[in-house]
Amino acid sequence: MAGTTPARAEPPRFRVAETLAARICGLDMSVLTRLTCPKTLSAVHTCLDREAALATEAAAISDDLFPVIGALSDNPLKPRLVGLRRAVYQGRDPGPGEWNTETADYLPGPLRERVTAWLAKSREQREALAELPTLLDAESDDKRAELRGIIADAAFQRALSQASPDLFEVVRRWLTDPHYQPRRSSLVRLVKYVVRAATKTSPFSTFTASGRAEWTTGPAPATLLAATGPARCVPELRGGVVDQLRRALVAVPALRAALPVRVNPSLTEQDGTLCFLRPGADEPIVSVPDTGEVRAVLAAAGEAEGPGRTAAELTTQIAAVRSETAAADVARFVDRMLDIGLLEAYVPVPDQSASPFAGLARWLAANAPEYTAVGEHVSVIDSALAAPAAAAEVDGQRARKEALATATRALAGELAAANEQEPAVPEETLASKTFLHDNAVFTAPVAECSRARWSPALADLDLVRRWLAAIHDPALPLRLVLGDLVAERFGPGAQLPFLELHRAVQTELDQPAGFGAELRAAMDSAYFLAPGALDDATLPRLRRLGELREQSRAVLREADGSARSAEAVRAAAAEQIATLPSWVTPPASLACYVQQLPADGDAAVVCNAVMTGYGRGRARLHHLIHLAGGPASEPDVPSGGVPDVLAELTGSFGSALNRRMPAVSHELDYPGCVPERPREQRVALGELVVGHESDTGLLRASATTPDRPVRPLHIGGTADSLLPPAARLLSHAFEGSFLLAPVAPSLAPRDAAFPPEDVVHQPRVQLGNVVLQRAFWLVPAHAVPQRSPSESRAMFLYRMVRWLRERDIPESCFVRSMGPAPQAGVDTEAAQGNWRFRKSRKPVFVDFAALFALDVLEQGIAEGETVAVKFEEALPHPGDAAENGAGERRVTEFVVEVAHHERDI
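Numbered by full-length UniProt numbering, the letters in the sequence shown go through residues 1 to 905 in order.
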């Protein structure tokens, strides 16, 4: 596709974040070539070409035999020639009675020569096919040696030791014992990991390293990749482990007296009742009477500066003021408020602390010196986590994991004994491969990108923000339903506490009538934006949104990649933007996960995903770089000119992936989470007020502190669907999250059936210099060729390549297992078990010329829930990866953030 764009008379005004995140594959793409069997594939294609030529000639010979046979009446040769014609037409050798000297002599000379030549080529074809298994076996043996050399890479072994400890042991034995031969199943798994390390830039993969990239003012080249040198690995304990240990510490009776206490930040007053969210998986809304006694405790707890008073200090203060109440009674009353969650006792170590165990160790030393063993175990954990290691440090990483497991086991045991209960961290968690995660990062910049060369692509990404991200936002249907719900239940222009909205939503979800069905459908679509999802909507605005989406799809279907077509699409997009209803609002900031296409001039890119920006992805990278010994810099986050206070959810929510540098000005104070920023930079959940806007019919949040609109944001690393219920609602009710995800092709035609009845091809979708959707072929699972038990792998390869050629599917592509489409009304907890959260649904690069490629494909299709298989073009192809300063060619993905009008780019 073209990488240049004609100059515009009035370039759009938008801002781009000053830094980019770059994700770089752990292995050079050359490993893919080293695993291919080119001789076998060449022979397969030769045989397929010959097969096609034989079929064409057989049809022609059959046609020419017809008049010859017709001229025979009672000639005894007639049945034999009929048999000859039938045999040739069916592509098989004729029997001795059908082809012999007598029948051959009867045919005209040219026809006899053609039949003779056809039979010779047919024998040649059979011989070549018979040789394929031997050729494949011989070439596969050579590729096993190549595979052994590839997996000797120390950084790959470190990643493998974490991703699959049992397979790592196989690798260790194979590399040290020359007589050991791994089983075929182990080799297939190894190939899959090698391919993943060379082609996939997953931000959470142990096989990917991340680093900062920067814009330059130079005109060329578009991107200059640096010689990165070795990556550093930042260790992190599984997020849930940290939370489990903190909860166990809070529960220790002797420690509880030393813990500071704070008012639950979701506390909301409603008609003489105090309501709040009780932290937990279900987050029940709890209500208590608004009495003088309760108010006294809340006032005493809320007026304290710093970490807050302890429960004992609260008791002492309240008992001194209320002299008629015994201190014991006050203590019981405070304990009761702690038990129900109205007050929260907490260890004063923020969720976003760069060194949480160091903070725990300091707090224990200052407040519970008698718990020496607990403090020692915490210090051991902190020391093990504090020192980043080289990416190639295999044995050190394994030793560190074992030391951490031992110290965590001992700490959990001490806390369990103190609480007289089972250990907070189960043994299976300590033994899990996900107990410790290493994040490979580069502390120095890894790339320079020319702002001038990227400018056309950035302008088109901003158009994606203003157009497609606005119309195709998966959360927009939910925002429309919420607006209608509030207008119907509370009146147009109503103002209500956020907790009241949350309660109303939960109530409606339990109802078969009213807004319940629309809410359930809208919540489903927030995680899977399927074409045609709004066809059956009952609310007028939802039906109108469905029409707008189809209009945008129709515009994109007209694009053919040419410069003239690109300008036509831009003009049509601008026209639609100008007429959008007021309730379709673009995200102010957009994070675009892109790969650059090969080009000598201006950059053109492919979008892998698009989501709400505000530092998402980049804030975590800056956090990891700091932990790895790099600079402690916060990411430049364009506000997008938004007048609202930007408040981010900063809780870890059970995942280390949510730990990051501060990204926006404020944090949202959430129950069960420990905030980091001073009070003037916090917005308590209980202070949020939701207002219905009569002009847009949407909801807008505001707070009394600060006294202005607030925009709650989830910009952590976990999917919104894994957040607690109220946090999920916050994430979607005021701004979108995932706006374009490869797992949900929202730009496909609205009437595209799923699963398809036959092979369905969807062409590439692009907007100027940005490819929004790669070309793909969706195939029902039963239609993909399967190898029979008696079939050789070589013949299965032959049959598979023929099947691909007949459907124009590339022989090297990404293959994704697709599960059943989500059903309306399925709740989020059930959806978490859906195929979208399983590793089998992730795309796998398959080169059908490579070692064990068919085995990898078969494994992906074998899962029982697979109903369709998606074959997607590899764009850009891994083989087109650009060289870095060290001469390596590694697949690289960039995170580019574009934001609303602030200044010229």
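No residue lacks a Cβ here, since even glycine has one placed at the ideal position from N, Cα and C.
Selection from the options that minimises the alpha carbon distance to residue i
i           : options                : result
V394        : R679, C233, N75, D329  : C233
N264        : D339, V242, I318       : D339
residue 950 : D524, G240, N419       : The shown model of the chain, from 1 to 905, leaves out residue 950, and the question about it has no answer.
P586        : V642, Q595, P785       : V642
P878        : V610, L597, I715       : L597
S812        : P820, V801, E806       : V801
F653        : A198, V242, D855       : V242
E888        : D644, I577, V605, V446 : V446
E897        : I715, Y798, R890, V856 : I715
D847        : L364, S164, F871       : F871
E667        : M661, P678, R682       : R682
G218        : S30, F734, R451        : R451
Three-way DSSP call (helix, strand, coil) for residue i in this model
i    : result
S497 : Ser is not the amino acid found at residue 497; the sequence shown has Pro there. DSSP places P497 in strand when its eight states are reduced to three.
A831 : Note on A831: pLDDT 39, under 50, position unreliable in the model; no value is reported.
R711 : strand
F837 : Below a pLDDT of 50, predicted positions are generally treated as unreliable, and F837, at 48, falls in that range; the measurement from the model is reported next regardless. If DSSP states are grouped into helix, strand and coil, F837 belongs with the helices.
A281 : coil
C607 : strand
A701 : strand
A9   : With a pLDDT of 37 at A9, under the threshold of 50, the modelled position of that residue is not reliable, and no figure is offered here.
A537 : coil
I151 : coil
T19  : strand
R183 : coil
P221 : coil
F333 : helix
V770 : strand
P662 : coil
F754 : coil
E370 : coil
L747 : coil
P348 : coil
D904 : At D904, the pLDDT of 38 sits below 50, so the modelled position is not reliable; the number obtained from the coordinates is stated separately. Three-state result, D904: coil.
Span of the beta strand (DSSP E), counted from its first residue to its last, around residue i
i           : result
Y593        : 589 to 596
E766        : According to the sequence provided, residue 766 is Gln. The question's Glu does not apply to it. Where Q766 is concerned, the enclosing beta strand (DSSP E) stretches over 765 to 767.
C37         : Run containing C37: none; DSSP gives neither H nor E here.
H761        : 760 to 762
F845        : 844 to 847
residue 913 : Any property of residue 913 remains undetermined from this structure, which presents the chain solely from 1 to 905.
residue 934 : Because the chain spans 1 through 905 in this model, residue 934 falls outside it and cannot be assessed.
R261        : At residue 261 the sequence reads Val, which differs from the Arg that was named. Per DSSP, V261 belongs to the beta strand (DSSP E) from 261 to 263.
Q270        : 268 to 270
G691        : 688 to 692
V779        : 776 to 780
Span of the alpha helix (DSSP H), counted from its first residue to its last, around residue i
i    : result
C673 : Counting along the chain, C673 falls outside any alpha helix (DSSP H), and DSSP gives it neither H nor E.
Q397 : 394 to 419
T228 : First-last for T228: undefined, no H or E at that position.
E102 : 101 to 106
L480 : 476 to 490
C-beta neighbour in chain C for residue i, strict 7 Å
i    : result
A868 : Judged by its chain identifiers, the structure shown contains no chain C, having just a single protein chain.
(request) Mind the definition here: the stretch 205 to 217 touches the stretch 438 to 450 only if three or more C-beta pairs lie below 8 Å; say whether that holds. (result) yes
(message) What ranges does the alpha helix (DSSP H) occupy inside the stretch 788 to 826, keeping only unbroken runs of at least 4 residues that lie completely in it?
(response) 793 to 806
(request) Identify every run of the alpha helix (DSSP H) within the stretch 418 to 474, keeping only runs that are complete inside it and at least 4 residues long; order them along the chain. (result) 427 to 431, 451 to 466, 468 to 471
(request) Give a yes or no on contact between the stretch 107 to 115 and the stretch 51 to 71, applying the rule of three or more CB pairs nearer than 8 Å. (result) yes
(message) So, does the stretch 264 to 275 touch the stretch 461 to 476, judging by three or more C-beta pairs under 8 Å?
(response) no
(request) Report yes or no: do three or more beta-carbon pairs, one from the stretch 142 to 152 and one from the stretch 35 to 42, lie closer than 8 Å? (result) yes
(request) Pair every Cβ in the stretch 479 to 486 with every Cβ in the stretch 694 to 711, then say whether three or more of these pairs are closer than 8 Å. (result) yes
(message) Using a Cβ distance threshold of 8 Å, determine whether the stretch 376 to 392 contacts the stretch 352 to 361, with at least three qualifying pairs required.
(response) yes
(message) Under 8 Å: do the stretch 622 to 641 and the stretch 681 to 697 share three or more Cβ pairs, one atom per stretch?
(response) no
(request) Would you check if there are 3 or more beta carbon pairs closer than 8 Å linking the stretch 75 to 90 to the stretch 131 to 139? (result) no
(request) Give a yes or no on contact between the stretch 594 to 610 and the stretch 215 to 228, applying the rule of three or more CB pairs nearer than 8 Å. (result) yes
(request) Evaluate contact between the stretch 760 to 773 and the stretch 562 to 574, counting only Cβ atoms and requiring at least three cross-stretch pairs below 8 Å. (result) yes
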